[in-house]
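Student: The following block contains the structure, expressed as structure tokens.
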Amino acid sequence: MTIERAPKTLKRSEIIDLISQGKAIVIYKNNVLNLTNWIPKHPGGDKAVYHLVGRDASDEMNAYHSDETIAIFTRWKIGQIDYYWENLLPPIQGAIYNESKGAGASVVDTVRPVVPQNELVTEENKHVLFPVVNENNKKAVIVDPKLISQNYDNSLTHQDIVSIPPLDYKTQQHLRDKYDELHEIIIKNGFYKCDYWSYVREVTKIASLFIYSLCFLKQNYLFLSAIFMGAAWHQATFIAHDAGHVSITHNYQFDNLFGMLIADWFGGLSLGWWKRNHNVHHLVTNDPVHDPDIQHLPFFAVSSRFFSSVYSTYYEKYLPFDKACKKLIPFQHYLYYPMLCFGRFNLYRLSWAHLINGDGPRHGKAAWFTYFELLGLSFFFYWFFYLLVFKSIDGPWNRFYYVMISHMATMLVHVQITLSHFAMSTSDLGVSESFPSRQLRTTMDVDCPEWFDFFHGGLQFQAIHHLFPRLPRHNFRRVQPLVIRFCKDVGLSYSIYGFGKGNDKVIGKLAEIAKQCTILLDATKNYDGDLY
Numbered sequence: 001m002t003i004e005r006a007p008k009t010l011k012r013s014e015i016i017d018l019i020s021q022g023k024a025i026v027i028y029k030n031n032v033l034n035l036t037n038w039i040p041k042h043p044g045g046d047k048a049v050y051h052l053v054g055r056d057a058s059d060e061m062n063a064y065h066s067d068e069t070i071a072i073f074t075r076w077k078i079g080q081i082d083y084y085w086e087n088l089l090p091p092i093q094g095a096i097y098n099e100s101k102g103a104g105a106s107v108v109d110t111v112r113p114v115v116p117q118n119e120l121v122t123e124e125n126k127h128v129l130f131p132v133v134n135e136n137n138k139k140a141v142i143v144d145p146k147l148i149s150q151n152y153d154n155s156l157t158h159q160d161i162v163s164i165p166p167l168d169y170k171t172q173q174h175l176r177d178k179y180d181e182l183h184e185i186i187i188k189n190g191f192y193k194c195d196y197w198s199y200v201r202e203v204t205k206i207a208s209l210f211i212y213s214l215c216f217l218k219q220n221y222l223f224l225s226a227i228f229m230g231a232a233w234h235q236a237t238f239i240a241h242d243a244g245h246v247s248i249t250h251n252y253q254f255d256n257l258f259g260m261l262i263a264d265w266f267g268g269l270s271l272g273w274w275k276r277n278h279n280v281h282h283l284v285t286n287d288p289v290h291d292p293d294i295q296h297l298p299f300f301a302v303s304s305r306f307f308s309s310v311y312s313t314y315y316e317k318y319l320p321f322d323k324a325c326k327k328l329i330p331f332q333h334y335l336y337y338p339m340l341c342f343g344r345f346n347l348y349r350l351s352w353a354h355l356i357n358g359d360g361p362r363h364g365k366a367a368w369f370t371y372f373e374l375l376g377l378s379f380f381f382y383w384f385f386y387l388l389v390f391k392s393i394d395g396p397w398n399r400f401y402y403v404m405i406s407h408m409a410t411m412l413v414h415v416q417i418t419l420s421h422f423a424m425s426t427s428d429l430g431v432s433e434s435f436p437s438r439q440l441r442t443t444m445d446v447d448c449p450e451w452f453d454f455f456h457g458g459l460q461f462q463a464i465h466h467l468f469p470r471l472p473r474h475n476f477r478r479v480q481p482l483v484i485r486f487c488k489d490v491g492l493s494y495s496i497y498g499f500g501k502g503n504d505k506v507i508g509k510l511a512e513i514a515k516q517c518t519i520l521l522d523a524t525k526n527y528d529g530d531l532y
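In UniProt numbering, the protein residues as written are 1 to 532.
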């Protein structure tokens, strides 16, 4: 007869001690999980786990994992808690525990959190945590040009604080409870069930565009062929996105295999790189220090915090605000669309770097992905650049013309991706903010007729997608009324604009940051101290 022992109840101080020893401790539904040994096997990358250390990550873990995966979380259980958990700052975000940085943190003291460790942001202390120098005190502004950008960023944070429900744990727990109720409604109504005929149509659409491209190429209509090739890649991106989130069949191996065939073998982009990058983006959305999806120096800065050469915890290096930034950022609102035309070339670079550096999982059920992706990218460069471009098109200029047009035709994908976040909040409001509050504060939806989904791929419902990442894309419209009702019920804003208005918001935000950069650079000319 086997007698099961009751799980050990761990004190808060014991959990902090474990984190200080470098353990990746995460709270899930009052269970204390030690994910240290799981990190090398985590298919979604190590950085995603590190951003959850010391936190109650129940909402995040439920949102990103299938029931099958959730069922095995208890394998990593080392104890439980019988009290309400107030989040700790993860070491990767700058926390220090007993002279140790802890799991996921660099040994170099490079990250300093905006909200100090163990501080709770309130309406009363916002002026202390985010001081705004009186605009009438011009002398104070001139003393140190850094105050200019700090003033601007802190004033935006003040606006964020008053626009969302209070950040105390009682209020945020209410938001979490309501979010869980909404999630249950979505599950019970079958919105996680995928309409496979939708993907038959998607694959047929991609195949048709690809065949049209080859037909036009055969007739030497290079421009039309290149446009249709770019359109095929454009549509393929949406399927790869769904597969990466395991939102098609909800079978991890099948969806990822399907996604790699589409992304790597047909599109030349690493699905593994995208998953590692994208998972972090979902967890710390729009944070200038942690979210790689808004770290685009020297071309774009969506926050004045980039003026201080921030350290990227994703890329593990400084993003210097150098001479190139000072030349380009003041004109970023003019460069927005032209630069996005070349976005695909940058994705090639990031994909190869991810695979060559071995940043993907090296153990566990996703370990084979790296080798399959290396074969896939090699095959893509063989069939597209060698067989199609080099062997089938005469003349170097025609080849160059074809490559550029086909790649620039995918620009709308990059507009869609940036449209949902570039104009939104980049504030760090501390560890007490709930998952639904952060996702809705940092994400914008785009309102458009259903026929326009061809260009958006359904991903114009980014706020809904961020709340429920595994939800099949074709069900977003059906879930939207439920999300709107949820937001009205709990007092959160649901940001949605038409395509034109959304673009205006993004350009306006870029122009405002560009203006702040110009003001800072002008002030620096009359400043004798060290700015950086």
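C-beta: ideal position from N, C-alpha, C; glycine also.
Nothing here was measured: the structure is a model prediction, and the numbers come from that model.
Any heavy atom of the ligand MN inside 6 Å of the beta-carbon of A366?
Tutor: Only the bare structure without any ligand can be found here, which leaves the ligand MN out of the picture.
Student: Can you name, in chain order, every residue of its own chain whose Cβ lies under 7 Å from the Cβ of T410, other than the five neighbours on each side?
Tutor: Position 410 of the sequence shown holds residue 410. G230, W233, H234 and R344.
Student: From Q150 to Y50, what does the alpha carbon distance come to, in whole angstroms?
Tutor: Mapped onto the sequence shown, residue 150 falls at position 150. Mapped onto the sequence shown, residue 50 falls at position 50. The straight-line gap from Cα to Cα measures roughly 28 Å.
Student: Closest Cβ-Cβ distance between Y192 and chain C: below 7 Å?
Tutor: Protein chain content of the structure displayed is limited to a single chain, and chain C is not contained in it.
Student: Here's a check: name, in chain order, each residue in its chain whose Cβ is nearer than 7 Å to the Cβ of L531, leaving out the five neighbours to either side.
Tutor: On the sequence shown, position 531 is the one that residue 531 refers to. With a pLDDT of 48 at L531, under the threshold of 50, the modelled position of this residue cannot be trusted; read the value that follows with caution. Cβ neighbours of L531 beyond the five flanking positions: P145, K146 and T524.
Student: What does the Cβ neighbour count give for C517, buried or exposed, with the cut at 16 atoms within 10 Å?
Tutor: Along the sequence shown, one-based indexing puts residue 517 at 517. Counting other Cβ atoms within 10 Å of its Cβ, C517 reaches 16 or more and is therefore classed as buried.
Student: Starting from I25, follow the beta strand (DSSP E) in both directions and report where the run begins and ends.
Tutor: Taking the sequence shown and counting its residues from 1, the one referred to as residue 25 is at position 25. Residues I25 to Y28.
Student: With DSSP as the reference, please indicate the residues paired to Q150 in a beta bridge.
Tutor: For the purposes of this step, residue 150 is taken as residue 150 along the sequence shown, with counting starting at 1. Here Q150 is not bridged, per DSSP, to any residue.
Student: Quick check on the DSSP output: the beta strand (DSSP E) that includes H235 runs from which residue to which?
Tutor: As a first step, residue 235 must be located in the sequence shown, where it is residue number 235. The sequence shown places Gln at residue 235, rather than the His named in the question. Run containing Q235: none in the beta strand (DSSP E); it sits in the alpha helix (DSSP H), L222 to G244.
Student: Could you tell me the distance, in whole angstroms, from the CA atom of Y221 to the CA atom of A324?
Tutor: As a working mapping, residue 221 is identified with position 221 in the sequence shown. As a working mapping, residue 324 is identified with position 324 in the sequence shown. Those two C-alpha atoms are separated by around 39 Å.
Student: When you compare the CB positions of L182 and F435, do they come within less than 7 Å of one another, or not?
Tutor: Numbered from its first residue, the sequence shown carries residue 182 at position 182. Numbered from its first residue, the sequence shown carries residue 435 at position 435. Against a cut-off of 7 Å, the Cβ pair of F435 and L182 comes out as no contact.
Student: Can you name the start and end residues of the beta strand (DSSP E) that residue 533 belongs to?
Tutor: Any question about residue 533 goes unanswered here, given that the chain covers just 1 to 532.
Student: Assuming the contact rule is C-beta atoms closer than 8 Å, S432 and Q172 should be a hit. Round their C-beta distance to whole Å, please.
Tutor: Taking the first residue of the sequence shown as 1, we reach residue 432 at position 432. Taking the first residue of the sequence shown as 1, we reach residue 172 at position 172. With 8 Å as the limit, S432 and Q172 qualify as a contact, their Cβ atoms being about 6 Å apart.
Student: Excluding five sequence neighbours on each side, which residues of the same chain lie with their C-beta closer than 6 Å to the C-beta of L224?
Tutor: The residue you call residue 224 lines up with position 224 of the sequence shown. Closer than 6 Å at Cβ, skipping near neighbours: F216.
Student: Do T157 and Y311 have their C-beta atoms within less than 7 Å of each other?
Tutor: Against the sequence shown, residue 157 aligns to sequence position 157. Against the sequence shown, residue 311 aligns to sequence position 311. It is not a contact, given that the beta carbons lie outside the stated cut-off.
Student: Where do the ends of the alpha helix (DSSP H) carrying K326 lie?
Tutor: For the purposes of this step, residue 326 is taken as residue 326 along the sequence shown, with counting starting at 1. Where K326 is concerned, the enclosing alpha helix (DSSP H) stretches over K323 to L328.
Student: With 16 as the cutoff for other CB atoms within 10 Å, does P330 come out buried or exposed?
Tutor: The residue you call residue 330 lines up with position 330 of the sequence shown. It is buried - the Cβ of P330 has at least 16 other Cβ atoms within 10 Å.
Student: Taking a contact to mean a Cβ-Cβ separation below 7 Å, would you say L335 touches V415 in this structure?
Tutor: Locating residue 335 in the sequence shown gives position 335, where the first residue counts as 1. Locating residue 415 in the sequence shown gives position 415, where the first residue counts as 1. Result no, Cβ atoms of L335 and V415 do not sit closer than 7 Å.
Student: With DSSP as the reference, label L33 as helix, strand or coil.
Tutor: For the purposes of this step, residue 33 is identified with residue 33 of the sequence shown, where counting begins at 1. Three-state DSSP puts L33 in a strand.
Student: Which runs of the beta strand (DSSP E) fall wholly inside the stretch 450–503 and span at least 3 residues, in chain order?
Tutor: 496–498
Student: Would you check if there are 3 or more beta carbon pairs closer than 8 Å linking the stretch 498–516 to the stretch 444–459?
Tutor: Under the three-pair Cβ rule at 8 Å, the stretch 498–516 counts as touching the stretch 444–459.
Student: According to the neighbour-count rule (16 or more other Cβ atoms, all chains shown, within 10 Å of its Cβ), is A463 buried or exposed?
Tutor: Counting from one through the sequence shown, the residue named residue 463 turns up at place 463. So A463 ends up on the buried side.
Student: Please determine, among F254, G268 and T249, the residue with the shortest C-alpha to C-alpha distance to residue 535.
Tutor: The chain is shown from 1 up to 532; residue 535 falls before or after that span and cannot be answered.
Student: What runs of the alpha helix (DSSP H), each 4 residues or longer, lie entirely inside the stretch 160–233?
Tutor: Counting whole runs of 4 or more residues, the stretch 160–233 contains the alpha helix (DSSP H) stretches 169–188 and 196–218.
Student: Assign T249 to one of three DSSP states: helix, strand, or coil.
Tutor: Residue mapping note: residue 249 aligns to position 249 of the sequence shown, counting from 1. Reduced to three states, the DSSP call for T249 is coil.
Student: CA-CA distance, L388 and F266?
Tutor: Locating residue 388 in the sequence shown gives position 388, counting from the first residue. Locating residue 266 in the sequence shown gives position 266, counting from the first residue. Approximately 13 Å, taken between the alpha carbons.
Student: Counting only the same chain and skipping the five closest in sequence on each side, list residues whose C-beta sits under 8 Å from that of D168.
Tutor: Translated into positions along the sequence shown, residue 168 becomes position 168. Around D168, the same chain offers L120, T122 and S432 as residues with beta carbons nearer than 8 Å, after the five sequence neighbours per side are excluded.
Student: When you compare only the Cα positions, how much space is there between Y28 and T204?
Tutor: Against the sequence shown, residue 28 aligns to sequence position 28. Against the sequence shown, residue 204 aligns to sequence position 204. Spanning the two alpha carbons is a distance of roughly 41 Å.
Student: Counting only the same chain and skipping the five closest in sequence on each side, list residues whose C-beta sits under 8 Å from that of V238.
Tutor: Position 238 of the sequence shown holds residue 238. One point to set straight first is that residue 238 is Phe, not Val, in the sequence displayed. Same-chain partners within the cutoff: E202, G457, G458, L459 and R473.
Student: Starting from the C-beta of F130, find all residues in its chain whose C-beta is less than 7 Å away, skip the five residues before and the five after it, and write them out in chain order.
Tutor: As a first step, residue 130 must be located in the sequence shown, where it is residue number 130. Around F130: N154, T157 and H158.
Student: How about V483 and A423: do their beta carbons lie closer than 7 Å?
Tutor: Here residue 483 refers to the residue found at position 483 when the sequence shown is read from its first residue. Here residue 423 refers to the residue found at position 423 when the sequence shown is read from its first residue. Against a cut-off of 7 Å, the Cβ pair of A423 and V483 comes out as no contact.
Student: In whole angstroms, give me the CA-to-CA distance for V133 and K126.
Tutor: As a first step, residue 133 must be located in the sequence shown, where it is residue number 133. As a first step, residue 126 must be located in the sequence shown, where it is residue number 126. V133 and K126: Cα-Cα distance of roughly 13 Å.
Student: For F390, count neighbouring Cβ atoms within 10 angstroms of its own Cβ and tell me buried if that reaches 16, exposed if not.
Tutor: In the sequence shown, residue 390 corresponds to position 390, counting from 1. Flag for F390 reads exposed.
Student: For the stretch 43–62 against the stretch 11–31, are there 3 or more C-beta pairs whose distance is under 8 Å?
Tutor: yes
Student: Contact defined as beta carbons within less than 8 Å: I believe V115 pairs with L440. What is the distance between those atoms, to the nearest angstrom?
Tutor: Taking the sequence shown and counting its residues from 1, one reaches residue 115 at position 115. Taking the sequence shown and counting its residues from 1, one reaches residue 440 at position 440. Contact doesn't hold; Cβ gap of about 19 Å is too wide.
Student: Could you name each continuous alpha helix (DSSP H) segment of 4 residues or more that falls completely within the stretch 298–379, going from the start of the chain to the end?
Tutor: 323–328, 332–340 and 343–356
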